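Accompanying notes for the structure given below.
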Amino acid sequence: MKRSPFVFGVFVCVTTFGAAFARGQSAPVVTLTRLQCGTNAAPTDVGQRFSDTYAISGLTVQLTFSCYLIKHNDDYLIWDTGNPVGAAATAPKTTLVDLLGQLKLAPTQVKYVAISHYHGDHTGQAGQFPHATLLIGKGDWDVVTDPKSATIAAPLANWTTGGGKVEPVIGDKDVFGDGTVIMLNTPGHTPGHHSLLVRLKEMGNVLITGDLSHFHENYESGGVPTFNTDRAASVASIDRFKKLATNLKATVIIQHDDRDVGKLPAFPAAAK
Ligand SMILES: [Zn+2]
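Every letter in the sequence shown is one number past the one before it in my numbering, and letter 64, counting from 1, is 64.
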């Protein structure tokens with residue numbers, strides 16, 4: 001039988017992963033901390049922009065803006081950087097750098113800034129970590145490096161102008177090479193959109209949506225907002241994500257839905 005390259009690739013990965021632990025390498029220590037990155041002053045009418053089939057009416061949801069710190073042994077990754085600090089009503093009250101300071105971490109200790117997608121409420125504070133390697137979906141990187149995208153690109157100027165290391169991500173990315181933190185290719189909201197899987201020893205598997213869905217009702221019904229770049233890709237990505245959640249028995253965290261805040265310990269505590 002001729003084995004396809006894809007099947008062979010999976011086979012090699014699985015055996016390498018198993019062999020590493022068989023050789024006695026200790027399992028990595030991974031933790032996940034939620035960081036507050038802004039909030040809406042009041043619940044938002046989500047029927048207006050969040051359903052391209054007019055499926056939702058009369059529903060208001062308290063939307064929030066969340067970022068996440070993942071510790072992997074001595075390395076740190078920040079997932080999304082939220083709204084920028086400033087006078088806007090949705091601006092975070094405390095900067096990411098100050099939140100990390102409360103954890104006795106310096107910005108230079110952050111090895112990776114990984115973003116779900118290029119929208120400004122996810123990239124707002126990326127510039128606080130110029131030393132970090134930027135992990136961004138290749139489809140999104142192509143957009144932010146297009147000269148026509150100056151506004152979208154501004155928060156990532158450190159990287160688009162060559163000031164920092166960047167890794168455009170094609171497909172999924174196993175960030176630390178041991179399967180504990182994986183950027184999942186979930187395009188559609190934007191061309192290079194990613195979600196995140198974190199596999200924790202005590203809490204188990206956690207799936208963080210990015211903007212795959214913005215609130216429970218859209219997630220449950222597979223709804224798509226009006227401001228997506230590819231509807232078919234979004235529907236396929238939501239399908240993949242939900243199957244992952246079922247198969248991995250994962251806790252799903254919808255980043256913008258305030259009702260999901262309590263699924264992780266309150267800052268400064270971390271899920272383990
Ligand atoms: Zn978005």
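Think of the CB as a built atom: it goes at the ideal place given N, C-alpha and C, for glycine as much as any other residue. Small disclaimer: the values here were computed from a predicted structure and weren't measured.
Where residue i falls: helix, strand or coil (DSSP)
i, result
"residue 74", "coil"
"residue 231", "helix"
"residue 111", "strand"
"residue 63", "strand"
"residue 168", "strand"
"residue 44", "strand"
"residue 257", "strand"
"residue 173", "strand"
"residue 262", "helix"
"residue 163", "coil"
"residue 222", "coil"
"residue 38", "strand"
"residue 158", "helix"
"residue 146", "coil"
"residue 125", "coil"
"residue 87", "coil"
"residue 119", "coil"
"residue 26", "coil"
"residue 237", "helix"
Beta bridge counterpart(s) of residue i as assigned by DSSP
i, result
"residue 198", "181 and 206"
"residue 274", "Only positions 1 to 272 of the chain appear in the structure, and residue 274 is not among them; the question remains open."
"residue 190", "According to DSSP, residue 190 bridges with nothing at all."
"residue 52", "According to DSSP, which records beta bridges pairwise, residue 52 is partnered with nothing at all."
"residue 136", "168"
"residue 69", "33 and 78"
"residue 252", "207"
Cutoff 7 Å; reference residue i; Cβ partners in own chain excluding five residues on either side
i, result
"residue 158", "127, 130 and 164"
"residue 44", "60, 61 and 63"
"residue 265", "271"
"residue 233", "187 and 188"
"residue 89", "41"
"residue 263", "251 and 253"
"residue 275", "Since the first residue shown for the chain is 1 and the last is 272, residue 275 is missing from the structure and cannot be characterised."
Between the CA atoms of residue j and residue i - distance to the nearest angstrom
i, j, result
"residue 206", "residue 261", "13 Å"
"residue 117", "residue 211", "8 Å"
"residue 151", "residue 145", "11 Å"
"residue 74", "residue 110", "10 Å"
"residue 160", "residue 153", "7 Å"
"residue 193", "residue 95", "24 Å"
"residue 57", "residue 219", "16 Å"
"residue 27", "residue 67", "25 Å"
"residue 22", "residue 197", "With a pLDDT of 49 at residue 22, under the threshold of 50, the modelled position of this residue cannot be trusted; read the value that follows with caution. Their backbone Cα atoms lie some 24 Å apart in a straight line."
"residue 80", "residue 133", "13 Å"
6 Å CB neighbourhood of residue i in its chain, flanking five on each side removed
i, result
"residue 65", "37, 38, 82, 83 and 121"
Own chain, CB closer than 8 Å to residue i, minus 5 neighbours either side, in chain order
i, result
"residue 221", "55"
"residue 53", "223 and 224"
Any non-hydrogen atom of ligand 3 closer than 7 Å to residue i Cβ
i, result
"residue 194", "Of the ligands this structure carries, namely ligand 1, none is ligand 3."
Notebook entry, point to check: Do the region 211-226 and the region 47-65 make contact, defined as three or more Cβ pairs closer than 8 Å?
Noted result: yes
Notebook entry, point to check: Any chance the region 169-187 sits against the region 233-248, with 3 or more Cβ pairs inside 8 Å?
Noted result: yes
Notebook entry, point to check: Does the region 135-143 come close enough to the region 160-178 that 3 or more CB-CB pairs lie under 8 Å?
Noted result: yes
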